[in-house]
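Visitor:
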């Protein structure tokens, strides 16, 4: 079992077949399914299986991904993949970080969440706008074995938000060296550079 702080070195391969995507976020499920498509994996979402959403009590992205994956694998009897990801703004001490979804409230209103980030940045003049996305992937089996992988992409925040693609905070995130926000990019362009794609490259190399 790979543990937090270890270098993840998979000792178990993932066989083709059904894999639970332990998320009720439709945008995240769609993106993960697209990334898994070429590998003979048949993704089924936690929502489709009526699996409950666990309380995210972890203090890191990896810990939250692990608890979601382990619960989904245990309840479904299938391997399960969970993603915990978020936006970390340097000038805000890494917020919203693991609370990225919670900043959007019960209604999952990310227009509100992006406005909260912008308002916090405007509390002092000339606040730096550097930020990064983190994605932790945890792959769990029903017997409790877990492998995890963590990806990252750096960028800056723009205002107003730009683009209607992607989800979450994508429309205000401009990756370093890019001219389009994640919200303006098509799926293929985002998959080439995103934090989720970075984590997936590690997962694919290790377990697929």
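Numbering (the working numbering), first residue to last: 22 to 229.
Just so it is clear, CB atoms sit at the ideal spot from N, CA and C, and this is done for glycine as well.
Please read all numbers here as calculations on a predicted model, not as lab measurements.
1) With distance defined between alpha-carbon atoms, name the residue in 70, 140, 47, 45 nearest to residue 39.
2) In terms of residues, what are the limits of the beta strand (DSSP E) holding residue 178?
3) May I have the straight-line CA-CA distance separating residue 144 from residue 119, to the nearest angstrom?
4) Leaving out five residues on either side along the sequence, give the residues of the same chain with a beta carbon under 8 angstroms from the beta carbon of residue 149.
5) Answer yes or no: do residue 179 and residue 214 have a C-beta to C-beta separation smaller than 8 angstroms?
6) Who are the near neighbours of residue 218 in its chain, counting only those whose CB is closer than 6 angstroms to its CB and skipping five residues on each side?
7) Terminal residues of the continuous alpha helix (DSSP H) containing residue 313?
8) How is the beta strand (DSSP E) around residue 151 delimited, first residue to last?
9) In angstroms, rounded to a whole number, what distance separates the CA positions of residue 132 and residue 186?
10) Are the beta-carbon atoms of residue 138 and residue 117 separated by less than 8 angstroms?
11) With DSSP run on the structure shown, which of helix, strand or coil describes residue 103?
12) Are the CB atoms of residue 171 and residue 151 within a distance shorter than 8 angstroms?
13) Given a threshold of 16 other Cβ atoms within 10 Å of its Cβ, counted over all protein chains shown, does residue 78 qualify as buried or as exposed?
14) Please list the terminal residues of the continuous beta strand (DSSP E) segment that includes residue 63.
15) Which residues share a DSSP beta bridge with residue 110?
16) Please state whether the Cβ-Cβ distance between residue 167 and residue 87 is less than 8 angstroms.
17) Could you check the C-alpha separation between residue 62 and residue 36 for me, to the nearest Å?
18) Classify residue 203 as helix, strand or coil using the three-state DSSP reduction.
Guide: Quick look at the numbers:
1) 70
2) 167-178
3) 22 angstroms
4) 111, 112
5) no
6) 212
7) Not covered by the structure: residue 313. The range shown for the chain is 22 to 229.
8) 151-161
9) 13 angstroms
10) yes
11) strand
12) no
13) exposed
14) 62-66
15) 152
16) yes
17) 8 angstroms
18) coil
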